[in-house]
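Chemist: In the working numbering, the protein residues as written are 8 to 70.
Even for Gly, the Cβ is constructed at its ideal location relative to N, Cα and C.
All figures in this text were calculated on a predicted structure; none of them were measured in a lab.
1. Taking only runs of the alpha helix (DSSP H) that begin and end inside the stretch 14-59, which ones reach a length of at least 4 residues, in chain order?
2. Measure the C-alpha to C-alpha separation of residue 20 and residue 47 and round it to an integer number of angstroms.
3. Within 10 angstroms of its Cβ, does residue 17 collect 16 or more other Cβ (buried), or is it exposed?
4. If you draw a straight line from the C-alpha of residue 55 to the C-alpha of residue 22, how long is it?
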């Protein structure tokens, strides 16, 4: 699919899609829309699984 097709099918603006490809920055809602049309929404299952070690989470908030 072209960028324009992806943008149209997902409802994510073409500008947001291009910014995501160039910078890696995107709104969560837009990311979920893109993952949905690509058939990859289930990939978030692994990202959202709770881990036994909560030290990794604490590292995100430490200075």
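Modeler: In short, the structure shows the following:
1. 21-30, 35-44 and 51-55
2. 19 Å
3. buried
4. 28 Å
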